[in-house]
Every structure is written in structure tokens, then in C-alpha cells.
Amino acid sequence: MASFVSIALVMLLIVCTSAQGYGQAQLYINGAITCQGSSGCRNFGTPSNPALSCQHVKDVCPEAASDFYYIESAGLYRKVFCEMEIEGGGWARYGRSNQTAIWNYVDEDATEITLDIIDTSEVKEMIDLNYNHFLVQTDVVFKMQADDSINPSRLTTRSIPWLVDTPLFIPEYGQDHTRPTSIIEFPSGSVDRVTCIPGGTSKCGQGGGLPPANGISKSFFFQSLFFSPRGTGASALIGQWRRNRYTWNGSYYYVYAK
Ligand SMILES: *[C@@H]1O[C@H](CO)[C@@H](O)[C@H](O)[C@H]1NC(C)=O
Ligand SMILES: *[C@@H]1O[C@H](CO)[C@@H](O)[C@H](O)[C@H]1NC(C)=O
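Residue numbering for the sequence shown is -19 to -1, 1 to 239, as defined by mature numbering (1 follows the signal peptide of the UniProt record, and there is no 0).
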């Protein structure tokens, strides 16, 4: 048996080597045996030869570039963008880019919008594929505030790594008697958490998924955002709507998963 296997491997090596015309053949055994090296990798992650995941592409072809690949796993067959450079590579990329024309709300106190960042189907896919490592990257500047006001804005987040659906909002009457007022925003150097900056008497730490004053939340990514500083249920002290505000300005928001 042992000699049969080694003969088979030698034969495969010969086939791989001659098919490529040079000696870079390696073996990858994963249910199937695949010839690879430069020319083998050219065919890996293609429609007829899908990989199991972006990490699978990276494992088989360490030199693979960031690009679209086909993956087939857990009953799912699709084209996915694999990020191969950052943090060891092998990441499936979700999210949006090129949003400059749309994501340009700076200190808004009037516009009501719903922004989908990661589609529900994409979240389902992350769950189905058992991803448990996540990385968030964005150039978005994010802030949300309510000052002696009711701001019914509501952000849908997914906890990392368990992807639990967790709302984030400023509880009724985000009280603050000073300016600048209490704000939730990304803390310095991080985009997968928020901090709650208190003004005077603030609602930081009092529900809504808000961390304590100047504290930092657990890790999550945004799935969708509903900004409604003047919408149904909103109110502002003595009609000062600028007490209810948000900023969402940037061009991309990516969640990398593996
Ligand atoms: C970016 O968005 C603009 C305007 O919506 C569009 O014309 C352009 O083709 C987009 N570019 C890419 C790379 O998607
Ligand atoms: C919004 O973000 C874009 C880059 O994404 C930047 O060029 C622009 O200056 C920002 N707007 C404001 C008012 O900060």
C-alpha cells in the first residue's frame, strides 16, 4: 500500500512537472489531488475548479493575488473577492466601496436615511461558512449624538466573532447639558468599536449598547444604519434640531472574514 501511494505520487509529480514544463510542482491533497505551481494556480479558484474558501486559495497558492475567485462550500457556489495581502491574506471581502457620492453626511440634522452596509445574505453566508475571524476597514468618519433630545436613529451591528445581531442607539433623552455633547463614534485607531463621549449628564453606559462614558464597546461591524435625527419619535429641546445629529462620511466600508 505504501509503495503504491509513493508510486502514484511520483507519477503525479511527473505529470504535474511535465504539464508545467518546469519543476515547481507541489501536491495538495484535499479530497482531490491538484497539480499546482504557477500554471496550476492559474486554474485554481476558477468556475470549473473552485476553491473551498479564500484561505484555501491562499494555502494552495501562497502567491495568489487579491482578486475574484470562485469558491464552493456548504452548498454555496459563488465568485468572491479574496484579499491576499493584509494580515496574512485568505480573507473573503464583504461590504461596499466607491460610495463617495452617497456617504457624505456631515453633521446632518435633517436627512433621514437607511444605509445597508453588509447585505443580510452576506451575513448569512458568513454564518453558513463558519467564519470566525473578522477585520473591519473603512475610511468613514462616524458620529451620532443626541443632546437633551430624542434621536430614534438605530444602527444594526453584528458582534465579532459570533455575529449576534445587536442594536446600537442612544436611549431616550440623551442628556447632556454641555456642548460639545455626548457622541458615539469610532475611538482613535479603531473602526470595529465605538466610544461614548459624555458631555454633562450623559446616557453613556445606560442601554442602547452604549459603552460607559469614555469606554470602548466590544468589537462589531455595522450591518445597516438608520439615521433619523428628525424622524418619527424625534424631539429636540426648544426646537434645536442640531442637538440631534450624525455624520457618516467616507467612501468604503469592508468586512474581511475567514
Ligand atoms: C464609482 O461610482 C461612480 C458614480 O456612482 C461610477 O460612475 C463609477 O463607475 C464607479 N466606479 C467603480 C470603480 O465602481
Ligand atoms: C467627506 O469625505 C470625503 C472623502 O471621503 C472628503 O473628501 C470630504 O472632505 C469629507 N467632507 C467633509 C465635510 O468632511
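Ideal Cβ placement from N, Cα and C applies to all residues, glycine included.
Computed from a predicted structure; not experimentally measured.
Pull the bridge partners of residue i from the DSSP assignment, please.
| i | result |
| --- | --- |
| residue 125 | 165, 227 |
| residue 197 | 176 |
| residue 72 | 64 |
| residue 117 | 236 |
| residue 139 | 146, 202 |
| residue 240 | With the chain represented from -19 up to 239, any question about residue 240 goes unanswered, as that position is not in the structure. |
| residue 45 | Paired residue(s): none; residue 45 is not in a bridge. |
| residue 57 | 54 |
| residue 77 | 234 |
| residue 30 | 27 |
Would you grab the beta carbon distance between residue i and residue j for me? Rounded to a whole angstrom, and I think it's under 8 Å.
| i | j | result |
| --- | --- | --- |
| residue 93 | residue 123 | The pair is not a contact, with the Cβ atoms about 17 Å apart (cut-off 8 Å). |
| residue 186 | residue 196 | 7 Å |
| residue 207 | residue 119 | So it is not a contact: roughly 18 Å between Cβ atoms. |
| residue 134 | residue 209 | 5 Å |
| residue 98 | residue 201 | Rounded, the Cβ-Cβ distance is 12 Å, inconsistent with contact. |
| residue 38 | residue 49 | With a Cβ gap of about 11 Å, residue 38 and residue 49 do not count as contacting. |
| residue 190 | residue 148 | 6 Å |
| residue 229 | residue 117 | Residue 229 to residue 117, Cβ: 15 Å. No contact. |
| residue 65 | residue 45 | 6 Å |
| residue 238 | residue 150 | Not a contact, Cβ separation roughly 25 Å. |
| residue 175 | residue 193 | With 8 Å as the limit, residue 175 and residue 193 do not qualify as a contact, their Cβ atoms being about 12 Å apart. |
The alpha helix (DSSP H) spanning residue i covers which residue range?
| i | result |
| --- | --- |
| residue 52 | Taken as a continuous stretch (DSSP letters only), residue 52 belongs to no alpha helix (DSSP H), being part of the beta strand (DSSP E) at 48 to 54. |
| residue 109 | 101 to 109 |
What are the boundary residues of the beta strand (DSSP E) that includes residue i?
| i | result |
| --- | --- |
| residue 205 | 201 to 208 |
| residue 87 | 85 to 89 |
For residue i and chain B, any beta-carbon pair shorter than 9 Å?
| i | result |
| --- | --- |
| residue 172 | This model lacks chain B altogether; it includes just one protein chain. |
_If contact is defined by three or more beta carbon pairs under 8 Å, each pair taking one atom from either stretch, is the region 24 to 42 in contact with the region 227 to 236?_
no
Three or more C-beta pairs below 8 Å linking the region 120 to 135 and the region 212 to 226: yes
On the three-pair Cβ rule with 8 Å, is the region 81 to 89 touching the region 101 to 109? no
Are the region 108 to 123 and the region 65 to 78 touching by the rule of at least three beta carbon pairs closer than 8 Å? yes
Quick one, what's near ligand 2 if you take every residue whose CB is closer than 7 Å to any heavy atom, in chain order? 81, 85, 87, 120, 122, 230, 231, 232
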